[in-house]
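Chemist: Protein sequences appear in the order of chains A and B. In this text, residue positions in the first sequence follow this note's numbering: the first is 11, and each later residue adds one. In this text, residue positions in the second sequence follow this note's numbering: the first is 11, and each later residue adds one.
Number of protein chains: 2
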Amino acid sequence: MTYELKAIGVIHSCFKEKFGIPRQPGLVPEAAATLELLPPYNCPEIVRGIEQFSHIWLLFVFHGSPQNRWQPLVRPPRLGGNQRIGLFASRTTFRPNPIGMSAVKLERVESGVDRLLLHLKGVDLLDGTPVVDIKPYIPYADSIPNAEGGFAQNAPPCKHTVTFTDEAATRCHELSHQYPHLRIMIEQLLQSDPRPAYKEEDKGRVYGMHLWDFDLRWRVIGNQVEVLELVMVSSQ
Amino acid sequence: MTYELKAIGVIHSCFKEKFGIPRQPGLVPEAAATLELLPPYNCPEIVRGIEQFSHIWLLFVFHGSPQNRWQPLVRPPRLGGNQRIGLFASRTTFRPNPIGMSAVKLERVESGVDRLLLHLKGVDLLDGTPVVDIKPYIPYADSIPNAEGGFAQNAPPCKHTVTFTDEAATRCHELSHQYPHLRIMIEQLLQSDPRPAYKEEDKGRVYGMHLWDFDLRWRVIGNQVEVLELVMVSSQ
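Take a look at the structure:
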């Protein structure tokens with residue numbers, strides 16, 4: 011038995027590639043995105059009253075992961091990448107049905123002629139992600155603070171301090187007109203160290219990730235992340 | 011752009027019809043169900059380690075609701091059934107993509123030859139529901155206790171006391187060998203009054219719902235629910 015899903019919207023996000031995306035929503039509170047509702051779902055009535063909710067669930071398709079490549083066992087990064095657990099005991103993107111769900115902060119609704127946007131924060135979503143459903147976050151049913159979360163009970167530790175070179179600090183300041191809270195967002199992003207666990211010995215290697223229209227470059231020495239530069243790249 | 015989902019499992023639940031199903035998971039803690047994993051998803055490896063988690067998310071198809079019947083505005087029961095809000099500001103089952111999500115309690119995993127069952131509690135799921143994904147409940151990402159939940163901030167009030175006729179009490183006791191905690195489950199189910207809001211003036215009318223292989227019949231007078239009888243019905 012199969013069921014067909016259609017995209018009701020698409021995500022416009024700062025995250026242009028998978029590397030570096032926060033591993034769960036909420037870990038980088040300043041990570042912003044916009045959900046653009048597609049016709050015929052772009053009429054303001056369809057979200058009437060949604061501003062009452064501080065958070066919403068997005069159900070979406072893991073479009074950046076190859077399909078039909080799931081394995082019964084996976085190695086979650088939280089377990090150091092070498093312990094295997096069942097696919098359904100993990101939030102891996104390689105799933106029989108590649109559907110993700112994220113609780114994100116709803117900042118505001120913007121509507122215009124044939125245009126309906128939800129402004130979001132705390133996202134862990136790749137740019138271009140197709141969204142298949144929006145649901146209000148209902149605290150009494152969705153929030154289970156005393157749930158036992160096994161190996162994922164607590165957020166990953168923010169084990170790094172983040173510093174900026176003078177050049178990176180200046181560039182960040184210049185770009186902050188276009189991207190508010192950019193420096194704070196970069197700090198939130200890098201303090202939990204997005205490198206794969208097995209790379210943690212690569213002292214001094216320069217890493218990069220594509221954010222909006224620039225490359226963010228940094229290196230890690232000990233428990234210190236140094237942001238080296240923000241380099242404009244041609245838009246895609 | 012469309013995406014195809016396949017069922018990875020099917021729900022065996024006490025709820026044989028839509029009427030009376032709790033409106034969210036967790037409202038009836040004793041409501042039990044089993045998720046049977048379908049081949050090729052029925053190998054024990056696929057859920058290895060899932061017992062670490064007290065709760066899991068199920069993503070499923072609202073198979074009991076007619077498809078493609080969504081409207082931009084809906085009237086949620088929590089608002090008395092006469093105030094309209096946007097479809098995406100509600101958890102209505104009439105959605106462009108009829109996908110539901112429920113956080114349920116994982117009691118235990120049962121595996122045998124070609125057989126993998128997850129025993130669940132606190133469900134709000136219709137018997138026969140096709141499940142398309144299982145994810146562990148991750149407290150740090152999924153639980154947002156201080157989220158603002160608008161009209162659905164708190165659980166619906168348990169405004170009714172539940173009593174049993176002698177006949178119903180005896181029958182309940184007899185059936186409790188087969189269905190443990192049956193009486194408590196019925197009390198949890200009826201104390202929030204599953205009748206539609208606009209029916210609340212139907213004093214004394216007998217209501218019924220199909221649970222497992224019997225019909226549960228009750229009436230409401232004032233803020234008192236009286237369980238009248240449990241009548242065996244032929245199995246489907």
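Yeah, the Cβ is synthetic: ideal placement off N, Cα and C, and Gly gets one too. Keep in mind the model is a prediction, meaning the values are calculated, not measured.
Would you report the Cα separation of ALA41 (chain A) and ILE21 (chain B), rounded to the nearest angstrom?
Modeler: The residue you call residue 41 (chain A) lines up with position 31 of the first sequence. The residue you call residue 21 (chain B) lines up with position 11 of the second sequence. C-alpha separation (whole angstroms): 37 Å.
Chemist: Using three-state DSSP, classify ALA43 (chain A) as helix, strand or coil.
Modeler: As a first step, residue 43 (chain A) must be located in the first sequence, where it is residue number 33. Reduced to three states, the DSSP call for ALA43 (chain A) is strand.
Chemist: Suppose you measure from the CA of SER244 (chain A) to the CA of LYS26 (chain A); what does that come to, to the nearest Å?
Modeler: Position 234 of the first sequence holds residue 244 (chain A). Position 16 of the first sequence holds residue 26 (chain A). Computed Cα separation, rounded: 13 Å.
Chemist: GLY30 (chain B): buried (16+ other C-beta within 10 angstroms of its C-beta) or exposed?
Modeler: Walking along the second sequence from the start, residue 30 (chain B) turns up at place 20. Buried, because 16 or more other Cβ atoms sit within 10 Å of the Cβ of GLY30 (chain B).
Chemist: Just to confirm, are LEU45 (chain B) and VAL142 (chain B) a CB contact at a threshold of 9 Å?
Modeler: Here the question's residue 45 (chain B) lines up with position 35 in the second sequence. Here the question's residue 142 (chain B) lines up with position 132 in the second sequence. Not a contact, by the Cβ cut-off of 9 Å.
Chemist: With DSSP as the reference, label ASP137 (chain A) as helix, strand or coil.
Modeler: Within the first sequence, the letter at position 127 stands for residue 137 (chain A). In this structure, ASP137 (chain A) counts as coil in the three-state DSSP scheme.
Chemist: Based on the DSSP secondary-structure assignment, which residues constitute the bridge partners of GLN234 (chain A)?
Modeler: Indexing the first sequence from 1 puts residue 234 (chain A) at position 224. Looking at the DSSP assignment, GLN234 (chain A) forms a beta bridge with A:THR171 and A:ILE231.
Chemist: Per DSSP, TRP67 (chain B) forms a beta bridge with which residues?
Modeler: For the purposes of this step, residue 67 (chain B) is identified with residue 57 of the second sequence, where counting begins at 1. DSSP output for TRP67 (chain B) lists B:ALA113 and B:LYS145 as bridge partner(s).
Chemist: Locate the alpha helix (DSSP H) running through GLU177 (chain B), then write down its first and last residues.
Modeler: Taking the first residue of the second sequence as 1, we reach residue 177 (chain B) at position 167. Membership of GLU177 (chain B) in the alpha helix (DSSP H) is indicated by the continuous run 176-185.
Chemist: In three-state DSSP terms, what is GLN246 (chain B)?
Modeler: Reading the second sequence from its first residue, position 236 is the one you call residue 246 (chain B). Per-residue confidence for GLN246 (chain B) stands at a pLDDT of 49, beneath the threshold of 50, marking its modelled position as unreliable; the derived number appears in the next sentence. Correct three-state label for GLN246 (chain B): coil.
Chemist: Among the candidates A:LEU128, A:ILE144 and A:ARG85, whose CA atom is the shortest distance from the CA of ILE109 (chain B)?
Modeler: Counting from one through the second sequence, the residue named residue 109 (chain B) turns up at place 99. Ranking A:LEU128, A:ILE144 and A:ARG85 by Cα distance to ILE109 (chain B) puts A:ILE144 first.
Chemist: What three-state label does DSSP hand MET195 (chain B) in the structure shown?
Modeler: Translated into positions along the second sequence, residue 195 (chain B) becomes position 185. Here MET195 (chain B) sits in helix by DSSP.
Chemist: Taking the C-alpha atoms as reference points, what is the distance between ILE309 (chain A) and ASP225 (chain A)?
Modeler: Chain A is shown from 11 up to 246; residue 309 (chain A) falls before or after that span and cannot be answered.
Chemist: Determine, using beta carbons only, whether PRO66 (chain B) and LEU116 (chain B) come nearer to each other than 9 Å.
Modeler: Counting from one through the second sequence, the residue named residue 66 (chain B) turns up at place 56. Counting from one through the second sequence, the residue named residue 116 (chain B) turns up at place 106. Sequence check: residue 66 (chain B) is Ile here, not Pro. Yes, Cβ-Cβ distance for ILE66 (chain B) and LEU116 (chain B) is below 9 Å.
Chemist: How should ASN52 (chain A) be labelled, buried or exposed, when 16 other C-beta atoms within 10 angstroms of its C-beta is the threshold for buried?
Modeler: Taking the first residue of the first sequence as position 1, residue 52 (chain A) is located at position 42. It counts as buried.
Chemist: Mind the definition here: the segment 157-168 of chain A touches the segment 80-98 of chain A only if three or more C-beta pairs lie below 8 Å; say whether that holds.
Modeler: With the rule of 3 Cβ pairs closer than 8 Å, the segment 157-168 of chain A counts as touching the segment 80-98 of chain A.
Chemist: Buried or exposed for GLN246 (chain B), going by 16 or more other Cβ atoms inside 10 Å?
Modeler: As a working mapping, residue 246 (chain B) is identified with position 236 in the second sequence. Note on GLN246 (chain B): pLDDT 49, under 50, position unreliable in the model; no value is reported.
Chemist: Can a CB atom of chain B be found closer than 9 Å to the CB of GLY30 (chain A)?
Modeler: Walking along the first sequence from the start, residue 30 (chain A) turns up at place 20. Answer no: the Cβ-Cβ gap between GLY30 (chain A) and chain B never drops below 9 Å.
Chemist: Quick one: which unbroken alpha helix (DSSP H) runs of 4-plus residues sit fully inside the segment 67-100 of chain A? Chain order, please.
Modeler: none
Chemist: Exposed or buried, ARG118 (chain B), counting other C-beta atoms within 10 Å across all chains shown (16 or more means buried)?
Modeler: Against the second sequence, residue 118 (chain B) aligns to sequence position 108. Counting Cβ neighbours within 10 Å, ARG118 (chain B) comes out exposed, since fewer than 16 surround it.
Chemist: Counting pairs of Cβ atoms below 8 Å between the segment 76-87 of chain A and the segment 50-64 of chain A, do you hit three or more?
Modeler: no
Chemist: Return the residue from the list B:LEU199, B:LYS16, B:SER75 and B:CYS24 that minimises the CA-CA distance to LEU130 (chain B).
Modeler: Position 120 of the second sequence holds residue 130 (chain B). Answer by Cα proximity: B:CYS24.
Chemist: Please report the straight-line C-alpha distance between VAL153 (chain B) and GLU177 (chain B), rounded to a whole angstrom.
Modeler: The residue labelled residue 153 (chain B) in the question sits at position 143 within the second sequence. The residue labelled residue 177 (chain B) in the question sits at position 167 within the second sequence. In the sequence as displayed, the identity of residue 153 (chain B) is Ser instead of Val. SER153 (chain B) and GLU177 (chain B): Cα-Cα distance of roughly 43 Å.
Chemist: Along the chain, where does the beta strand (DSSP E) containing LYS26 (chain B) start, and where does it finish?
Modeler: Numbered from its first residue, the second sequence carries residue 26 (chain B) at position 16. Run containing LYS26 (chain B): none; DSSP gives neither H nor E here.
Chemist: With the cut-off set at 9 Å, would you say GLY36 (chain B) and TYR150 (chain A) are in Cβ contact?
Modeler: As a first step, residue 36 (chain B) must be located in the second sequence, where it is residue number 26. As a first step, residue 150 (chain A) must be located in the first sequence, where it is residue number 140. Yes. Within cutoff.
Chemist: Check each candidate in B:CYS182, B:THR139, B:GLY122 and B:SER121 and name the one with the smallest Cα separation from MET111 (chain B).
Modeler: For this step, residue 111 (chain B) is matched to residue 101 along the second sequence. Cα-wise, what sits closest to MET111 (chain B) is B:THR139.
Chemist: Got a sec? Which residues, its chain only, sit under 7 Å from PRO146 (chain A) by beta carbon, not counting five neighbours each side?
Modeler: The count along the first sequence starts at 1 and reaches residue 146 (chain A) at position 136. Once the five neighbours on either side are set aside, the close Cβ partners of PRO146 (chain A) are ILE60, PHE63 and ILE66.
Chemist: Would you list the residues sitting across from MET11 (chain B) in a DSSP beta bridge?
Modeler: The sequence position of residue 11 (chain B) within the second sequence is 1, counting from 1. Note: MET11 (chain B) sits in no beta bridge, so no partner.
Chemist: Taking just the CA atoms, how far does GLU184 (chain A) sit from PRO190 (chain A)?
Modeler: For the purposes of this step, residue 190 (chain A) is taken as residue 180 along the first sequence, with counting starting at 1. For the purposes of this step, residue 184 (chain A) is taken as residue 174 along the first sequence, with counting starting at 1. C-alpha separation (whole angstroms): 10 Å.
Chemist: Run through the DSSP bridge pairs and tell me what LYS131 (chain B) is partnered with.
Modeler: Residue 131 (chain B) sits at position 121 when you count from the first residue of the second sequence. According to DSSP, LYS131 (chain B) bridges with B:ALA42 and B:LYS115.
Chemist: Taking 9 Å as the threshold (beta carbon to beta carbon), is THR12 (chain A) in contact with chain B?
Modeler: Along the first sequence, read from residue 1 onward, the residue named residue 12 (chain A) stands at position 2. Yes, THR12 (chain A) lies at the interface with chain B (some Cβ there is under 9 Å from its Cβ).
Chemist: Roughly how many whole angstroms lie between the Cα atoms of GLN34 (chain A) and ALA179 (chain B)?
Modeler: For the purposes of this step, residue 34 (chain A) is taken as residue 24 along the first sequence, with counting starting at 1. For the purposes of this step, residue 179 (chain B) is taken as residue 169 along the second sequence, with counting starting at 1. Roughly 48 Å separates the two Cα atoms.
Chemist: Since PHE224 (chain A) sits in a beta bridge, which residues does DSSP pair it with?
Modeler: Here residue 224 (chain A) refers to the residue found at position 214 of the first sequence. Per DSSP, the beta bridge partners of PHE224 (chain A) are A:LEU221 and A:MET242.
Chemist: Run through chain A and tell me which residues come within less than 7 Å of GLY96 (chain B), C-beta to C-beta.
Modeler: Stepping through the second sequence from its first residue, residue 96 (chain B) is reached at position 86. Those are GLU55, ILE56, VAL57, ARG58, GLY59 and ILE60, listed as they occur along chain A.
Chemist: Note down, in chain order, all residues in the segment 148-160 of chain B with a beta-carbon under 7 Å from any beta-carbon belonging to chain A.
Modeler: ILE148, PRO149, TYR150, ALA151, ASP152, SER153, ILE154, PRO155, ALA157, GLU158, GLY159 and GLY160
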